[in-house]
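Novice:
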Amino acid sequence: MKIILKNITKTFPSRSRRVHTPVTAVDHFSFEIPDGQLIGLLGPSGCGKSTTLNMICGLETPTEGQIFFGDQDVTSLPPENRGVGMVFQNYALYPHLTVLQNILFPLQNLKGKNKLSKQEMLNRAQEAARLVQIQELMDRKPGELSGGQQQRVAIARALVKMPHVLLLDEPLSNLDARLRLQTREEIRKIQKATKITTVFVTHDQEEAMSISDCIVVMKDGLVQQTGKPQQVYDDPCNLFVARFLGTPQINVFKGFSKDGGIYLNDQKILSAKNLPDQELYIGIRPEGFILREDGPLSCQLSGIEVMGRDISVVSTHPACENQAIRSIISAENKVDLSSSVVHFALKPGKVFLFDRATDARIPADLA
Amino acid sequence: MKKRNYKGWLYLLPAILFLGVFMVYPLIDVFIYSFEEGYNSASQTYYGTGLYNYSYVLHDTYFLQAVKNTFILVIITVPLSTLLSLLISMAVSSIKALKNLFQTVYFLPYVTNTLAVGLVFMILFKKTAYTDGLINLMLAWFGKGPVDFIDGPYWAKMFVLCFYTIWVVMPFKVLILTGALASVDKNYYNAARVDGTSRFRTFIRITLPMISPTVFYLVITGFIGAFKAYSDAVALFGTDLNAAGMNTIVGYVYDMLYGNGGGYPSYASAAAIILFVIVLTITCINLLVSSSKKRI
Amino acid sequence: MKNQIDYIKIKASARRRRRFSQICLYTLLSIWGLIVLFPFYWMLLTSVKNYNSYNSEHIPAFFTLSPTLQNYKDAFTSVPLARYLGNTLFFTIVTTGIMMIVITLAAFAFARLSFPGKNLMFTLFLSLMMIPNELVIITNFVTITNLDMRNTFAGLILPSITSVFYIYLLKENFQQVPDELYRAAKVDGTSDLKYLCKVMIPICKPTMVTIGVLKVIECWNSYVWPRLITDNPDYYLVSNGIQEIRENGFGRENIPAMMAAVVVISLPLILLFLVFRKKIMSGVSKGGIKG
Chain A
1 MKIILKNITK
11 TFPSRSRRVH
21 TPVTAVDHFS
31 FEIPDGQLIG
41 LLGPSGCGKS
51 TTLNMICGLE
61 TPTEGQIFFG
71 DQDVTSLPPE
81 NRGVGMVFQN
91 YALYPHLTVL
101 QNILFPLQNL
111 KGKNKLSKQE
121 MLNRAQEAAR
131 LVQIQELMDR
141 KPGELSGGQQ
151 QRVAIARALV
161 KMPHVLLLDE
171 PLSNLDARLR
181 LQTREEIRKI
191 QKATKITTVF
201 VTHDQEEAMS
211 ISDCIVVMKD
221 GLVQQTGKPQ
231 QVYDDPCNLF
241 VARFLGTPQI
251 NVFKGFSKDG
261 GIYLNDQKIL
271 SAKNLPDQEL
281 YIGIRPEGFI
291 LREDGPLSCQ
301 LSGIEVMGRD
311 ISVVSTHPAC
321 ENQAIRSIIS
331 AENKVDLSSS
341 VVHFALKPGK
351 VFLFDRATDA
361 RIPADLA
Chain B
368 MKKRNYKGWL
378 YLLPAILFLG
388 VFMVYPLIDV
398 FIYSFEEGYN
408 SASQTYYGTG
418 LYNYSYVLHD
428 TYFLQAVKNT
438 FILVIITVPL
448 STLLSLLISM
458 AVSSIKALKN
468 LFQTVYFLPY
478 VTNTLAVGLV
488 FMILFKKTAY
498 TDGLINLMLA
508 WFGKGPVDFI
518 DGPYWAKMFV
528 LCFYTIWVVM
538 PFKVLILTGA
548 LASVDKNYYN
558 AARVDGTSRF
568 RTFIRITLPM
578 ISPTVFYLVI
588 TGFIGAFKAY
598 SDAVALFGTD
608 LNAAGMNTIV
618 GYVYDMLYGN
628 GGGYPSYASA
638 AAIILFVIVL
648 TITCINLLVS
658 SSKKRI
Chain C
664 MKNQIDYIKI
674 KASARRRRRF
684 SQICLYTLLS
694 IWGLIVLFPF
704 YWMLLTSVKN
714 YNSYNSEHIP
724 AFFTLSPTLQ
734 NYKDAFTSVP
744 LARYLGNTLF
754 FTIVTTGIMM
764 IVITLAAFAF
774 ARLSFPGKNL
784 MFTLFLSLMM
794 IPNELVIITN
804 FVTITNLDMR
814 NTFAGLILPS
824 ITSVFYIYLL
834 KENFQQVPDE
844 LYRAAKVDGT
854 SDLKYLCKVM
864 IPICKPTMVT
874 IGVLKVIECW
884 NSYVWPRLIT
894 DNPDYYLVSN
904 GIQEIRENGF
914 GRENIPAMMA
924 AVVVISLPLI
934 LLFLVFRKKI
944 MSGVSKGGIK
954 G
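As structure tokens, this is what we get:
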């Protein structure tokens, strides 16, 4: 089912006794989620992504704006009538019920003509359990399961109602690193298999990028950028998005443009066409560096970190805003550690220019 | 090093002294008293040991009346006050505006003097030569005749006693239950809402199991407290509870000890021990029931 | 299209249900609030009613247009209410004060000092928590009588001084003070007692205030022990005073004056409660029992 968010805003009354201005959690958010896609809502904590999810779910009502499921306005519809399944951050599995009882729970709520017979319920529960591969855990209590298993039970419980929309709130944050990798692939697989429109919230950009069809980057209640993960990564619309996506983080320098050239201090690193002279932030992705003796950018070498396939060259530069510059280069390159200076050429496609005052991206034709 | 070792005892000394004299010694002594037949508190002599004190107490009509009263009080007030406090704390937990005000008001009876407010209840319920009292006035609105709740029929007196007891014990229960309800993770309710669970079902299947340890704690303390009822009855019916036919077991103990029929610490001890055994038995039964429930 | 209408209907009914349940909740809460508050209102109301007009009311009036303070004057003049209040105040302050000293020392010993037999002693203390007061009060009564301390403050106060529960509560709180502070104080050559007074007590003041306030409530409302141990009105506490007033006071029928006395007795605790509301409520929920 297609979900349309039209200009939704959510304000909360101030919690502090002294300040009475309401807090705006989500600010005029508009977005359309195509049917059957997996959308990642991404942002640092407190950016309003969970509030947005709760509004889609119906646990909270927008202060302004409308939410549509398909053609229907569901803005103030209570959650039970929306046909959504939700997986909570801490899973919210009822500790006193077994896994089977937990999965059956949503089905037992159905009333009237939707009511199912005992056998049907059991079949549905089994089917959901098979989807997430927990058939052999049905008689255990949630307390006896590992984090990953609890996670699957929670997904099964959300799926058993056959919802039109599946909502996941930080679904992987309680799992350890290895399990996270595995579970996120499984979520992707299940989503592909069921074709349920899925929205999930995370603060982990890697997680969002790796499984989403489309990501929405949020900050302070405002949508910064939406798009396909690769597209957002390659073409960030402002400094925040550029910084938020990608590990290691993008390297940011203070610089300026003059006479068709981009300068860091007095080093001209690239040339740009038709760019007025101005102060800039210059962002260079770690993979945008090329190790070359005659490269225009020279940095103080601090060391290298070997990562197997790649090596990460750590260096410093006076104009750099980060603590250290990290550049990823292929392990085939040899870095002369005895030298204190390292020279880089840059890949123009991996260099972004931002306005010093507004942080907004400045489109430029770099070479 | 050795010197410091014993300093700890020095700090404990006052506490040990007081507890020893006023708790440990009495605890042993009460059993001795209960077996000493014909103890005379003036001459501090007795002429035999045995179970006579117990048999006397168990055959005393006043004691049997007191046991009957206490049991009726327990059976009525414990379930009723627990249910009512559950209802009220659920309601308090699910509102936002005025929550603090309601909580404060509901807690007020806890800090009031049982005897003093009991007097107010007596006046509200009492029927005198001049006036039928406020409650009877209200009954009259429904066309029911005046009943003297304080000096009248047994059921009326019992009603007042139960009513007042519930009024007195509610603050504690509401406070504890509201705390327990607040500690249930809100996500469980959100999950239930998303699944379209009705309020009633949410309560039965989620809330109740989650707070059941607290409810159970309240039931046990409620039983123990209700078995020890005494000052509520005094507040309503005066010190001569035997005459009013509204004595409780604890009241019987004190009356045996001191008062119009007093001066018999042996009988008092026997009655106190019987009470202790009853309370212990009920508590054990409660524990057994709850642990067997958990297994299912 | 039909679906669309269904959605609107569902929305409307959901809103209606929510409003209805809100109304039900507030009605229920208000009713119970009324039941709780009404006795207080009635006692205040009756206490300002004129004696004669009260007695001529066959049907009790819910308000009075001519409030009088005469009843309060009567309450203080025709029965020794001031004496009862003074006694209770003295009893409460002395009992609470001594208890605080005793339990602080004991809790400190259990929480910080090491001495042989500590664990055994603590277990014994804990097991004393299960002893019902009714069992020990009999012997205490005999003991105090034999010591010839009936109708004395010593007889009233001594058995009420220790509370195992409060020792336990305070010990738990003391233990939360980091060990490092104690070691640092030892290195500086601070004596245990000085450490207790200068470090522990200031840090744990909130809990100590809570315990103190709970004990004050308990003392102010205590009835059974004072009743057993005093039969001379000079030593009556307010609870016994109220009972005495009820049975022999204002010639039994002066109910407005009686209510005035009740108001005077109840007021200090209600004020105390309003001041220490949060402390009292959190203290009680930690395990207070109706005193």
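Residue numbers (this note's numbering), protein chains in the order written: chain A, 1 to 367; chain B, 368 to 663; chain C, 664 to 954.
Cβ coordinates follow ideal geometry from the N, Cα and C atoms, glycine included.
This one's a predicted model, so the numbers in the text were calculated from it and none came from an experiment.
Mind checking Lys115 (chain A): buried by the 16 CB within 10 Å criterion, or exposed?
Specialist: Counting Cβ neighbours within 10 Å, Lys115 (chain A) comes out exposed, since fewer than 16 surround it.
Novice: Can you tell me whether His317 (chain A) is buried or exposed? The criterion is at least 16 other CB atoms within 10 Å of its CB, across all chains shown.
Specialist: Counting Cβ neighbours within 10 Å, His317 (chain A) comes out buried, since at least 16 surround it.
Novice: In the DSSP assignment, find the unbroken alpha helix (DSSP H) run with Arg568 (chain B) in it and report its ends.
Specialist: Run containing Arg568 (chain B): 566-569, per the alpha helix (DSSP H) assignment.
Novice: Whole angstroms are fine: how far does the CA of Gly36 (chain A) sit from the CA of Ala677 (chain C)?
Specialist: Their backbone Cα atoms lie some 29 Å apart in a straight line.
Novice: CB Ile8 (chain A) to CB Gln66 (chain A), shorter than 9 Å?
Specialist: Cβ atoms of Ile8 (chain A) and Gln66 (chain A): closer than 9 Å.
Novice: Give the residues of chain A in contact with Ala847 (chain C), contact being defined as C-beta atoms less than 8 Å apart.
Specialist: Those within 8 Å of Ala847 (chain C) in chain A number zero; the least Cβ separation is about 36 Å.
Novice: Residues in its own chain within less than 6 Å of Leu264 (chain A) by CB, not counting five upstream and five downstream?
Specialist: So the qualifying residues of the chain are Phe253, Gly255, Ala319.
Novice: My output table needs one value for Glu660 (chain C): the three-state DSSP class, helix, strand or coil.
Specialist: Examination of residue 660 (chain C) is not possible in this model, given that chain C is present from 664 through 954 alone.
Novice: Does the pairing of the stretch 481-494 of chain B with the stretch 922-933 of chain C give three or more beta-carbon distances under 8 Å?
Specialist: Taking 8 Å as the limit for Cβ pairs, the verdict is that the stretch 922-933 of chain C does touch the stretch 481-494 of chain B.
Novice: Quick check: the Cα distance between Thr358 (chain A) and Pro236 (chain A), rounded to an integer number of angstroms?
Specialist: In a straight line, the C-alpha of Thr358 (chain A) is about 14 Å away from that of Pro236 (chain A).
Novice: So, is the C-beta of Arg940 (chain C) closer than 9 Å to a C-beta in chain A?
Specialist: No, Arg940 (chain C) lies away from the interface with chain A (no Cβ there is under 9 Å from its Cβ).
Novice: Any idea which residues DSSP pairs Lys6 (chain A) with across the strands?
Specialist: Per DSSP, A:Gln66.
Novice: Just curious, the alpha helix (DSSP H) that His426 (chain B) is in, first and last residue?
Specialist: Run containing His426 (chain B): 419-426, per the alpha helix (DSSP H) assignment.
Novice: Can you name the residues of chain C whose CB is closer than 7 Å to the CB of Ser76 (chain A)?
Specialist: Result: Lys674.
Novice: When the Cα of Cys860 (chain C) is compared with those of C:Asn814, C:Tyr845, C:Ile801, which residue comes out closest?
Specialist: Nearest C-alpha to Cys860 (chain C): C:Tyr845.
Novice: How about Leu280 (chain A) and Phe344 (chain A): do their beta carbons lie closer than 9 Å?
Specialist: No, they are not a contact pair.
Novice: Do three or more CB pairs link the stretch 98-114 of chain A to the stretch 547-567 of chain B at distances below 8 Å?
Specialist: As far as the Cβ criterion goes, the stretch 98-114 of chain A touches the stretch 547-567 of chain B, which means the pair count is three or higher.
Novice: If you reduce the DSSP assignment to three classes, tell me which class Lys389 (chain B) lands in.
Specialist: The displayed chain sequence assigns Phe, not Lys, to residue 389 (chain B). Residue state, collapsed to three classes: helix.
Novice: Nearest-angstrom Cα distance between Val644 (chain B) and Thr437 (chain B)?
Specialist: Approximately 14 Å between the Cα atoms of the pair.
Novice: Touching or not, the stretch 115-124 of chain A and the stretch 177-186 of chain A, by the rule of three or more beta carbon pairs under 8 Å?
Specialist: The stretch 115-124 of chain A, when compared against the stretch 177-186 of chain A, does not touch it at the 8 Å Cβ threshold.
Novice: I need the straight-line Cα distance from Ala331 (chain A) to Lys6 (chain A), nearest angstrom please.
Specialist: Rounded to whole angstroms, Ala331 (chain A) to Lys6 (chain A) spans 48 Å at the Cα level.
Novice: Run through chain C and tell me which residues come within less than 7 Å of Met390 (chain B), C-beta to C-beta.
Specialist: Here the neighbours are Leu791, Ile794, Val799.
Novice: Is there at least one Cβ from chain A nearer than 9 Å to Ala549 (chain B)'s Cβ?
Specialist: Not an interface residue.
Novice: Using a Cβ-Cβ distance cut-off of 9 Å, determine whether Glu332 (chain A) contacts chain B.
Specialist: False, the Cβ-Cβ gap to chain B never drops below 9 Å.
Novice: Where does Ala25 (chain A) sit, in a helix, a strand or coil, going by DSSP?
Specialist: Reduced to three states, the DSSP call for Ala25 (chain A) is strand.
Novice: Expressed to the nearest angstrom, what Euclidean distance is found between the alpha-carbon atoms of Gly221 (chain A) and Phe69 (chain A)?
Specialist: Computed Cα separation, rounded: 22 Å.
Novice: Looking at C-alpha atoms only, which residue of A:Gly260, A:Leu77, A:Pro363, A:Val241 is the closest neighbour of Lys674 (chain C)?
Specialist: Of A:Gly260, A:Leu77, A:Pro363, A:Val241, the residue nearest in Cα terms is A:Leu77.
Novice: Among all the DSSP beta bridges, which residues are the ones paired with Ile328 (chain A)?
Specialist: Per DSSP, A:Ser312.
Novice: Run down chain C in chain order and give the residues with a C-beta less than 7 Å from the C-beta of Asn81 (chain A).
Specialist: What Asn81 (chain A) touches in chain C: Ile673.
Novice: Say whether chain C places a C-beta atom closer than 9 Å to the C-beta of Ala364 (chain A).
Specialist: False, the Cβ-Cβ gap to chain C never drops below 9 Å.
Novice: Can the beta-carbon of Ala125 (chain A) be found closer than 9 Å to that of Val160 (chain A)?
Specialist: A contact, by the Cβ cut-off of 9 Å.
Novice: Can you name, in chain order, every residue of its own chain whose Cβ lies under 6 Å from the Cβ of Tyr858 (chain C), other than the five neighbours on each side?
Specialist: Here the set comprises Ala848.
Novice: Could you confirm whether any beta carbon from chain A is found closer than 9 Å to the beta carbon of Val656 (chain B)?
Specialist: For Val656 (chain B), the answer is no, since every Cβ of chain A falls outside 9 Å of its Cβ.
Novice: With DSSP as the reference, label Val711 (chain C) as helix, strand or coil.
Specialist: It is coil, neither helix nor strand.
Novice: Listed from N- to C-terminal order along the chain, which residues in the stretch 195-222 of chain A have their beta-carbon within a distance smaller than 7 Å of any beta-carbon of chain B?
Specialist: For the stretch 195-222 of chain A, which is checked against every Cβ of chain B, not one residue is closer than 7 Å.
Novice: Using 10 angstroms around the beta-carbon of Trp522 (chain B), count the other beta-carbons present and answer buried if the total reaches 16, otherwise exposed.
Specialist: Classification for Trp522 (chain B): exposed.
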